[in-house]
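Worksheet for the structure shown next.
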Amino acid sequence: MDLMQSRIAMHNGNKLKLGLFAANCSNGRAMTTAPERWLADWDSNEQLAVLADEVGIDFMLPIARWDGYRGETDHQGTTLEAITWATGLLAHTKRMTVFATVHAPLINPVLAAKAFVTADLVGRGRFALNIVIGWNDAEFRMFGIEKRREHEARYEYGQEWIDAILRMWGPEEEFDFTGKYLDLRGLRLKPKPYGGTRPLMMNAGHSPAGMSYALRNCDAFFTAVHYRDAADAAQDVVRVKEQGRQFGRDIGVYTVGQVVCRPTRAEAQDYFRYWTEEVADWGAADYMLSLKGVKREADPKRYDAMRRSLIHGQSGFTMIGTPDDAADDLARISAVGFDGIGFSFVNYLRELPYFAQEVLPRLYHKGLRESAPGG
Ligand SMILES: Cc1cc2nc3c(=O)[nH]c(=O)nc-3n(C[C@H](O)[C@H](O)[C@H](O)COP(=O)(O)O)c2cc1C
């Protein structure tokens, strides 16, 4: 396998890549006031990465977030910036791929190209890039941008942004880059990414424009629709892979999830009920809905359903149960064609050891992992 293919495979033969999602943000993806919730401090992130690397987790994937969602906990209000977070974690790990999730419209492409190379050299080819076009207007205002571009233009700009970066990573000594949005003169960039390759690239977008951006430019597409179960997602995966082939790409499809894994189903369900109902941060859910312009008066039933689903991360797969249940759920996710999943726990550091000890060996026996932890 050449180095680029090895990077896309995250340097291993695991059939279903497993990652931890959103650990750079306070609360991760759990909108809860539970006292054990994730605080996203650096020491915990570093310990988590070292542990995840040891047990064989394939990747860590951050959220690009600049402002929190208020409520009692200011959900995702304490965040570590994604590129510097990834660089720090790459310095402390040996095997795992670490993504930065980066807003193309907010980060200057020269700074981005150089920061990514630096991270990639620190990680000796384990840095990866998740490109996002952005969610919240308020975050753009923090950067002095009053209004985001129109939808199609966001992806046009994103195209120039990645084209400029790829050229800076290429062999040219010096060049100008002139597009509709960017006019960059006398570009020179040294050093280049690790080993004469480039980082694995992924994009998260729902719309046709978002998807075609991913298919044109990326190795993987990151989808986060709310799925009832794996069968519900099968069509999506097949469609993305088919369209990828039209672009001459064997595109990877990744999704997200939330895991509550306990020795018995009752314990797992009780804990899920506790943090999503008894001690949920409803204020944060209301704030998020207000940002989306969703009002309760318009349709109270729909509003309440959306509010409930936001509490546990809104999208992807919610996996609640025993280690056998988690392994079965993940096997079904793999069987419909997903290449990987980034999931979250309420407290990553407390919950990962049990998951690693109980679920990873089961996945090994199902043929989804090359080895079990310690093996
Ligand atoms: C799985 C997933 C993860 C995303 N992560 C982020 C993120 O970390 N920060 C952010 O501002 N937007 C994030 N987005 C939003 C996307 O950048 C994009 O704005 C949104 O999906 C709408 O894309 P569309 O216009 O192509 O539908 C994410 C989207 C998805 C699907």
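Per the working numbering, the sequence shown runs over residues -11 to 363. The C-beta atom is built at its ideal place from N, Cα and C for all residues, glycine as well.
Got a sec, what are the start and stop residues for the beta strand (DSSP E) Gly158 sits in? Looking up residue 158 in the sequence shown gives position 170. Premise fails: Gly158 is in no beta strand (DSSP E) and is neither H nor E.
Just how far apart, CA to CA, sit Val247 and Ala254? Within the sequence shown, the letter at position 259 stands for residue 247. Within the sequence shown, the letter at position 266 stands for residue 254. Each residue's Cα considered, the two are about 15 Å apart.
Excluding sequence positions up to five away, which residues of its chain have a Cβ less than 8 Å from the Cβ of Asp327? For this step, residue 327 is matched to residue 339 along the sequence shown. Taken in chain order, the residues that qualify are Leu4, Lys5, Ala208, Gly240, Val241 and Tyr242.
My guess is that Leu279 and Ala319 are in contact by the Cβ rule of under 8 Å, so how many angstroms apart are they, rounded? In the sequence shown, counting from the first residue as 1, residue 279 sits at position 291. In the sequence shown, counting from the first residue as 1, residue 319 sits at position 331. Contact flag wrong, Cβ pair sits at about 36 Å.
Phe128, DSSP secondary structure in three states: Position 140 of the sequence shown holds residue 128. Correct three-state label for Phe128: helix.
Consult DSSP for Phe260 and reduce its assignment to one of helix, strand or coil. One-based indexing of the sequence shown puts residue 260 at position 272. Correct three-state label for Phe260: helix.
Can Phe367 and Ala88 be called in contact, C-beta distance under 9 Å? Because the chain is modelled from -11 through 363, residue 367 falls outside the range shown and cannot be assessed.
Does ligand 1 have a heavy atom nearer than 8 Å to the CB of Arg142? Stepping through the sequence shown from its first residue, residue 142 is reached at position 154. Yes, the Cβ of Arg142 comes within 8 Å of a heavy atom of ligand 1.
Can you give me the start and stop residues for the beta strand (DSSP E) that His91 sits inside? Residue mapping note: residue 91 aligns to position 103 of the sequence shown, counting from 1. From DSSP, the beta strand (DSSP E) with His91 extends over Thr85 to His91.
If we count Cβ pairs, one from each stretch, closer than 8 Å, do we get three or more for the stretch 210 to 222 versus the stretch 131 to 150? no
Just checking Met130 against ligand 1 - is the residue's beta carbon closer than 8 Å to any of the ligand's heavy atoms? Taking the first residue of the sequence shown as position 1, residue 130 is located at position 142. Incorrect: Met130 has no Cβ contact closer than 8 Å to ligand 1.
Three-way DSSP call (helix, strand, coil) for Pro113 in this model: As a working mapping, residue 113 is identified with position 125 in the sequence shown. The sequence shown places Gly at residue 113, rather than the Pro named in the question. Here Gly113 sits in coil by DSSP.
Taking 8 Å as the cut-off, is the CB of Met367 close to at least one heavy atom of ligand 1? Because the chain is modelled from -11 through 363, residue 367 falls outside the range shown and cannot be assessed.
Examine ligand 1 and report whether any of its heavy atoms sits within less than 8 Å of the Cβ of Arg227. Within the sequence shown, the letter at position 239 stands for residue 227. False, no ligand heavy atom lies under 8 Å from that Cβ.
Run the CB neighbour count on Phe235, radius 10 Å, all protein chains shown included, and call it buried at 16 or more, exposed below. For the purposes of this step, residue 235 is identified with residue 247 of the sequence shown, where counting begins at 1. With fewer than 16 other Cβ atoms within 10 Å, it is exposed.
Between Thr21 and Asp108, what straight-line distance do the alpha-carbon atoms span, to the nearest angstrom? Along the sequence shown, read from residue 1 onward, the residue named residue 21 stands at position 33. Along the sequence shown, read from residue 1 onward, the residue named residue 108 stands at position 120. About 36 Å.
Kindly confirm or deny that the stretch 115 to 130 and the stretch 190 to 203 touch, where touching means at least three C-beta pairs closer than 8 Å. yes
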